[in-house]
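Input: a single structure, listed below in structure tokens.
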Amino acid sequence: MNYIVLDLEWNQCPFGKEHENPALPFEIIEIGAVRLNTSHQITGQFREIVRPQVYTSLHYKTREIVTLRAIDFDGARIFPNVAADFFEWCRSDMDADGEPSFCTWGPADLTELQRNLSYYNMTNPFPFPLMYYDIQKIFSIVYEDRRSRKALEYAVDFLEIPKEVPFHSALSDAIYTSLVMQKLSDPQIRDNSSVDYFHTPLTRSQEIYLHYSTYDKFVSMPFPSSNQAMKDSIVTSTRCPVCGKTASKKIRWFSAGGHNQFCLASCPQHGYLKGKIRLRHNRDGMTYAVKTLKLISKEDAYQIYEKKEVLKVKRRLHRQFHKEP
């Protein structure tokens, strides 16, 4: 399998979020990428500055990064021209299925790339669902605790990779990400794919079911509200990720604040399962659910019980404190 390692630099509204263009909160100002072969060796590079059209002044956060290196918009082309050439470069080395396999450091780059394509009414060349490899997540799975998400420079230092060029250039960060990949085996990468959420299922037949070594993931069709999503029997179902059989709920779905729901289920053969549902909004304002079901220990199961009991006490105290005299 060949890989394209992508990194983007982007700008945002310099006058605050209330003045941003909601269709383009982050405007891409640089695209960098490297191509890797099956041995994770670099076989090609792409890098180009993009002349901004929406936010022509740099946000102070962007300016802090840009001042660390030279970046010149004079003579730079606009996004549609650069993006067209980038995808032509990508198509020059397809895999056996006719699609490049993308890798990024973190989950944001492919989403923002597609948002910029949409803003300019360009054809989106990505398949649905868009599967990719989040090397930040995979680094945590292999070298950390599976939950933490560390900065790219942290991973480079951890793996004792020489730092020969500055960070925060799209091409240099893509190169550093590829060097981290050289410390990972191909199965470690391929067994831990991620799904991008820029395009989500529109119908029941498009819903996404993914199976990993330690958990299952499900992405639902849209619902008018969170309440309706949580009334759907498929969204709230609990099946063992090992045997696929229905696991009985020991603690029904409960809210832990925000947009997260949790439950505890049990498979007679394989033990306790932790269920987590993240309720998100798609681009049309509809609610969709991202559900994970994971086998856990008895100790972890007890922590879910404790979480629910603590929340119950907090809510009771809150009601008593705000009760009318």
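Plus 2 on top of the position in the sequence shown (first one is 1) and you've got my numbering.
Every residue, glycine too, gets a C-beta built ideally from N, C-alpha and C.
What residues in its chain sit with their C-beta under 7 Å from that of residue i, if we drop five residues either side in the sequence?
{"i": "Ala249", "result": "Thr240, Arg241, Cys242, Ala267, Ser268, Cys269, Leu275"}
{"i": "Ala176", "result": "Val7, Leu8, Asp9, Gly34, Ala35, Val36"}
{"i": "Glu22", "result": "Gln14, Cys15"}
{"i": "Val144", "result": "Leu186, Gln190"}
{"i": "Ser257", "result": "Gln263"}
{"i": "Leu173", "result": "Gly34, Gln47, Arg49"}
{"i": "Arg148", "result": "Ser142"}
{"i": "Tyr121", "result": "Ala25, Leu26"}
Using a Cβ-Cβ cut-off of 8 Å (strictly less than) and excluding sequence neighbours within five positions of residue i, which residues of its own chain qualify?
{"i": "Gln55", "result": "Glu29, Ile80, Phe81"}
{"i": "His272", "result": "Cys242, Val244, Cys245, Leu297"}
{"i": "Lys63", "result": "Gln14"}
{"i": "Ile140", "result": "Leu186, Gln190, Ile191, Asn194"}
{"i": "Arg151", "result": "Gly108, Gln138, Lys139, Ser142"}
So, helix, strand or coil for residue i, using DSSP?
{"i": "Cys263", "result": "Here the sequence assigns Gln to residue 263, which means Cys is not the residue at that position. Three-state DSSP puts Gln263 in a strand."}
{"i": "Ala35", "result": "strand"}
{"i": "Asn13", "result": "strand"}
{"i": "Cys105", "result": "strand"}
{"i": "Phe323", "result": "helix"}
{"i": "Tyr135", "result": "strand"}
{"i": "Asp99", "result": "Bear in mind that the predicted position of Asp99 carries a pLDDT of just 49, short of 50, making it unreliable; the figure below should be weighed with that in mind. It is coil, neither helix nor strand."}
{"i": "Glu146", "result": "coil"}
{"i": "Phe130", "result": "coil"}
{"i": "Ser215", "result": "coil"}
{"i": "Tyr121", "result": "helix"}
Buried or exposed, going by whether 16 or more other CB atoms sit within 10 Å of the CB of residue i?
{"i": "Pro127", "result": "exposed"}
{"i": "Asp302", "result": "exposed"}
{"i": "Glu11", "result": "buried"}
{"i": "Thr45", "result": "exposed"}
{"i": "Asn229", "result": "exposed"}
{"i": "Gln322", "result": "exposed"}
{"i": "Gln43", "result": "exposed"}
{"i": "Val315", "result": "exposed"}
{"i": "Asp136", "result": "buried"}
{"i": "Tyr304", "result": "exposed"}
{"i": "Pro24", "result": "exposed"}
{"i": "Arg317", "result": "exposed"}
{"i": "Tyr134", "result": "buried"}
{"i": "Thr179", "result": "buried"}
{"i": "Ser94", "result": "exposed"}
For residue i, which residues in the same chain have their Cβ closer than 6 Å to its Cβ, ignoring the five residues on either side in sequence?
{"i": "His201", "result": "Phe130"}
{"i": "Tyr57", "result": "Asn13, Cys15, Glu29"}
{"i": "Leu313", "result": "none"}
{"i": "Gly108", "result": "Gln138"}
{"i": "Lys19", "result": "none"}
{"i": "Lys278", "result": "Phe264, Thr294"}
{"i": "Arg309", "result": "Going by the sequence as given, residue 309 is Lys instead of Arg. Excluding positions up to five away in sequence, the list is empty."}
{"i": "Cys92", "result": "Ile6, Pro102"}
{"i": "Leu212", "result": "Lys219"}
*Those runs of the beta strand (DSSP E) which lie wholly inside the segment 232–304 and span at least 3 residues*: 250–257, 262–269, 273–283, 289–297, all fully within the segment 232–304.
_So within the segment 17–92, which uninterrupted beta strand (DSSP E) runs reach at least 3 residues, ignoring any that extend past its ends?_
You should have 29–38, 44–51.
*Length at least 4, wholly inside the segment 144–224: the alpha helix (DSSP H) runs in chain order*: Here the runs fully enclosed are 154–160, 172–183, 188–192.
_Contact the segment 157–165 vs the segment 200–214: 3+ CB pairs below 8 Å_ = Flag = no, the segment 157–165 and the segment 200–214 do not touch.
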